[in-house]
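The structure under discussion appears below in the form of structure tokens.
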Amino acid sequence: MFKCFLCESQFEVSSHLLIHLNIYHDLNSITIFECKQLNCFRSFGSIDSFKKHINSHTLVTNNIAINQQINVDKHSPTIINNIDINSEETVDNIQDNLECTYFFTLENFKNILQKNAIKLVSKWYSNSAIPRKMVQILLDDVQNFNDSILINIKDKIQNMIQNNNYVDTVKDLTLVLNSLETLSHSFDSLKTEHFRLQTLEEMGLLIRPNQIVIAHRLDDRLHDGIVVLEPKPVKIILTPLRYILKKIFEHSNFFDVLLTYTKELEFYNGKLIFSFVQSEMWKAKLRLHQNKIIFPLFLYFDDLGINNPLGSHAGNQKLGAVYISLACLPPELASSLNHILLASLFKTDDKKQYGNNKIFKNLISELNYLETTGIEITINNKIYKIFFSVGLILGDNLGLHSILGFVESFVAKYPCRFCKSSRSECQNQLVQNNNSLRDSLNYNCDIITNNVSQTGIKEKCVWNDLNYFRATDNYSVDIMHDMLEGVCKYDIGLILKYMIFEFKYFTIDTLNNRIETFNYGPIDIRNRPTLLSTENLKLGVIKMSAAESLCFTRYLGLIIGDLIPEKSEVWSLYIVLKQIIDIIFHKWIRLQDTVLLKCLISEHHELYLKLFRIGLKPKHHHMVHYPLIMQKSGPLNIFSSIRYEAKHKELKDAANAITSRKNIAYTLALKQQLQLAYRLLSSDNNLYTIPIQFGRVLTLDSFTLDLYNNRIKFLNKKFNLCVDNITFVSWVNIKGSIYNCKNMCVVVSEDEGDTMMPSFGLIKDIFITDEKHSFAICEMYETIYFDDHFQAFNVVKTNNLICISLEKLGSIFPTHAVHISGLTFIPTK
């Protein structure tokens with residue numbers, strides 16, 4: 001029997017299980033496929049792998065061949081249509097005739113079906129709007145649909161043959177014909193797009209975006225052979241956030257997940273800051289909304305191009321997109337693009353012509369409604385009143401300056417949105433000047449002055465109309481553009497230029513060879529940097545994506561560190577940069593980290609000015625404000641544009657599949673709402689509870705099991721586990737973090753013991769129990785120290801494995817199990 005892992009239904013045939021999953025649970029909405037066979041804990045991320053796996057199990061079937069069903073007991077007389085078939089000759093003739101007729105009809109049907117299938121596939125391939133990869137998806141969908149409907153008809157016919165109930169044959173066949181007739185009219189109510197969208201709206205799944213007219217412009221039109229000018233409305237697209245958020249919070253277990261996570265954060269009591277809800281800014285806003293269930297929102301703005309960037313219309317039809325996301329989501333949900341919602345969409349040229357006030361006026365009103373009036377949701381027949389407030393406005397530097405009203409030129413006299421330091425001061429500033437910080441008082445004075453060259457403010461911020469929001473208090477930065485596509489490229493490009501062409505420490509061929517052959521491990525291998533060109537390095541320039549730049553910065557010390565002299569000042573700059581990267585990209589922070597970060601940034605800027613004799617760039621200047629922003633808003637990593645830039649790709653992909661650009665903003669917004677409707681329709685009741693995934697089951701020899709018995713007995717006492725119910729697996733995925741047994745080294749404890757240093761372990765084996773608890777058996781190793789020159793690259797060596805450390809390490813051997821990300825590590829030494 002095959003059991004469904006979602007509803008526990010049982011099936012005798014594996015194909016029936018797959019059809020059941022497609023009908024009642026929707027294969028496309030399932031992210032994890034679990035095998036429920038006896039003593040099997042495997043899980044898979046794709047339906048193809050799941051199919052291969054369940055087919056490998058021993059199938060318990062009870063198939064009856066057609067020729068066995070036609071056979072009758074020759075010793076007992078049977079009447080078919082008043083014909084006596086008691087004799088062997090009569091029985092053999094009837095069987096031969098039935099087989100010939102069946103064979104002939106089946107062959108004809110197969111030929112017709114094959115011809116029509118080829119014709120349909122050819123039509124799909126000939127349509128330029130359908131990519132080739134979509135043909136397979138369409139074929140699978142059609143096949144699954146037919147199988148899901150015809151399975152009941154097939155079962156009925158098989159029951160007729162098995163039971164030999166010829167009295168009710170006419171009645172049953174009539175039922176079969178009626179079923180087939182119904183099948184032929186399956187899409188009658190969904191023949192047009194109007195009916196399809198109307199059906200989704202009636203089901204409460206589709207929430208259409210609104211088109212709002214903000215102005216009119218004269219547009220030329222050909223009328224009776226004459227070009228005439230007529231007024232044309234200028235529209236922006238606004239999604240009704242109140243209805244969307246209500247639908248999302250009432251769906252599945254989303255509301256419970258958020259409440260549970262926010263309560264978990266209270267446990268840390270400010271010692272460790274993981275989320276914006278623990279920040280000083282949000283706590284101050286909560287004091288203004290006491291006795292309310294209120295959730296923080298991040299609002300993100302950026303422009304995106306939807307046309308071919310190399311085509312003749314590359315700059316045309318550029319759109320401005322505003323997204324919102326909940327700032328209190330657990331990390332495993334916050335990284336999902338499904339939880340970034342489109343709030344508004346408009347043409348960038350309209351924003352330039354009509355200004356921020358007309359573009360964002362209606363969106364600001366909607367956000368104020370969510371904060372003052374709120375929405376009511378019904379969960380388990382209980383009504384809750386919830387509110388939403390904008391915590392921060394995010395974006396890259398140009399986008400933030402554009403919508404907040406600051407000067408958009410970074411070579412202006414006052415280019416910073418956080419302080420009033422002049423451009424010349426910013427080029428040499430090592431630490432933040434607290435006396436020059438912008439605040440509400442000097443901001444209002446600058447608005448009255450109304451002089452861009454003297455204030456750096458182009459216009460009054462329209463977002464100040466939001467309740468309890470001020471542009472000067474918007475403490476957010478984008479470390480993706482500031483650091484990965486800015487400072488890291490500037491610094492490392494100049495560092496490599498000096499080391500290769502000035503000091504001759506190594507050649508560019510040596511560097512490229514090491515980049516190409518370096519072992520980046522299973523996690524960073526997808527982001528390994530590209531090879532560098534001589535022409536670019538002579539100019540101190542490296543060309544990499546943000547992910548490649550981060551990977552290159554982290555591993556550069558291990559790639560070429562052994563080729564650098566001990567007292568190289570240029571290399572000291574990299575060491576400081578690496579330490580800064582480790583802090584600002586960390587998932588959580590302590591307030592003490594901001595003091596260290598301030599010292600490191602000051603040291604970095606001093607070395608940069610001394611070595612390269614050029615002024616600091618605007619992105620360098622933003623770094624001096626990082627400690628203050630971390631104190632006010634929390635870890636800088638949660639404000640990054642990386643996931644929002646990925647959200648842009650959904651809009652770009654939809655635009656690339658559309659040849660028309662007429663009212664493109666509404667088309668793309670409607671596409672986003674249809675995707676949301678599909679997620680609401682296809683998901684189950686525990687959509688926001690991410691299950692643990694397991695790899696293949698391993699069989700260990702008796703000698704290895706005996707070695708682990710003592711450690712497992714320790715778990716038996718602490719967690720009440722049974723040794724007999726333990727199964728070893730090759731890997732486990734917990735909330736997106738994959739742990740495997742193939743030479744993976746992990747931190748098993750942090751700041752433990754008198755040395756207050758972390759300890760590392762090499763995962764040897766992973767096992768699970770019936771309760772789906774995951775445990776890993778690790779070997780502990782001592783830290784190998786280098787001299788002070790390599791202090792940023794202290795490593796733990798485990799045979800051929802090298803693991804990077806973020807700071808100096810100590811050798812700590814805990815004698816107990818340690819919980820990390822839901823996984824328990826058991827030291828073996």
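Position 514 of the sequence shown, counted from 1, bears residue number 514 in the UniProt record's numbering, the numbering being contiguous throughout.
For every residue, glycine included, the Cβ atom is placed at its ideal position computed from N, Cα and C.
Every value quoted in this text rests on a predicted model; they were computed, and no experiment measured them.
Item	Value
Inter-stretch contact (C-beta, 8 angstroms, three-pair minimum) for the stretch 631 to 648 and the stretch 267 to 281	yes
Pairwise C-alpha distance: Leu556 and Asn512	12 angstroms
Three or more C-beta pairs below 8 angstroms linking the stretch 479 to 488 and the stretch 543 to 552	yes
Ranges of the alpha helix (DSSP H) found wholly within the stretch 551 to 600, counting only runs of at least 4	569 to 584
Of the residues Asn397, Gly399, Gln454, Ile377, the one placed nearest Tyr414, counting alpha carbons only	Gln454
Assigned exposure category for Gln290 - 16 Cβ within 10 Å defines buried	exposed
The stretch 602 to 619 contacting the stretch 419 to 435, beta-carbon criterion three pairs below 8 angstroms	yes
Tyr505 versus Val570: straight-line alpha-carbon distance, rounded	12 angstroms
Paired residues, beta bridge with Gln10 - DSSP	Lys3
Beta bridge counterpart(s) of Lys347 as assigned by DSSP	Leu319
Nearest candidate by alpha-carbon position, reference Ile580, set Ser572, Ala117, Leu597	Leu597
Exposure label - Arg221; buried when at least 16 CB within 10 Å	exposed
Cβ-based burial, Arg554 [other Cβ within 10 Å; buried from 16]	buried
CA-to-CA distance, Gly736 to Met744, given in whole angstroms	16 angstroms
Residue range of the unbroken beta strand (DSSP E) whose run includes Ser737	737 to 740
Buried or exposed by the 16-neighbour rule on C-beta atoms within 10 Å, applied to Thr449	exposed
Nearest to Gly374 (by Cα), restricted to the options Glu366, Ile386, Leu363, Asn381	Ile386
Proximity below 8 angstroms, CB of Leu200 to CB of Ala677	yes
Reference Ser476; option with closest CA among Thr262, Lys191, Thr530, Gly399	Gly399
Contacts around His789, its chain only, beta-carbon distance under 6 angstroms, and the 5 residues preceding and following it disregarded	Its pLDDT being 30, under 50, His789 is placed unreliably in this model, and the coordinates cannot settle the point.
Rounded separation between Asp350 and Leu197 - CA only	29 angstroms
Helix, strand or coil at Ser252 according to DSSP, with G and I counted as helix	coil
CA nearest to the CA of His586, picked from Tyr468, Asn444, Ile273	Ile273
Stretch pair the stretch 463 to 480 + the stretch 519 to 526: three plus CB contacts closer than 8 angstroms	no
Phe2 classed as buried or exposed, judged by whether at least 16 other C-beta atoms fall within 10 angstroms	buried
Close Cβ partners of Glu548 (< 8 angstroms) along its chain, the five nearest in sequence each way excluded	Asn527, Arg528, Pro529, Thr530
Whole-angstrom C-beta distance between Lys347 and Ala657, which should lie under 8 angstroms	So it is not a contact: roughly 20 angstroms between Cβ atoms.
N-terminal and C-terminal residue of the beta strand (DSSP E) that Asp235 is part of	The question names Asp, yet the displayed sequence has Lys at residue 235. 226 to 238 is the span of the beta strand (DSSP E), which, as asked, contains Lys235.
Own chain, CB closer than 7 angstroms to Leu600, minus 5 neighbours either side, in chain order	Val576, Gln579, Ile580
C-alpha gap between Cys803 and Val746, whole angstroms	For Cys803, the predicted model reports a pLDDT of 31, less than 50, meaning its position is unreliable and no value from the coordinates is stated.
Whole alpha helix (DSSP H) elements within the stretch 454 to 502, 4-residue minimum	488 to 497
CB-CB length for residue 904 against Ile508, believed under 8 angstroms	In the structure displayed, the chain extends from 1 to 829; residue 904 sits before or after that span and is not available.
Anticipated Cβ contact below 8 angstroms, Leu494 with Gly561, distance rounded	Not a contact, Cβ separation roughly 18 angstroms.
Beta-carbon spacing of Gln592, Leu206 below 8 angstroms	no
Cβ-based burial, His216 [other Cβ within 10 Å; buried from 16]	exposed
Simplified DSSP state of Val142, which is helix, strand or coil	helix
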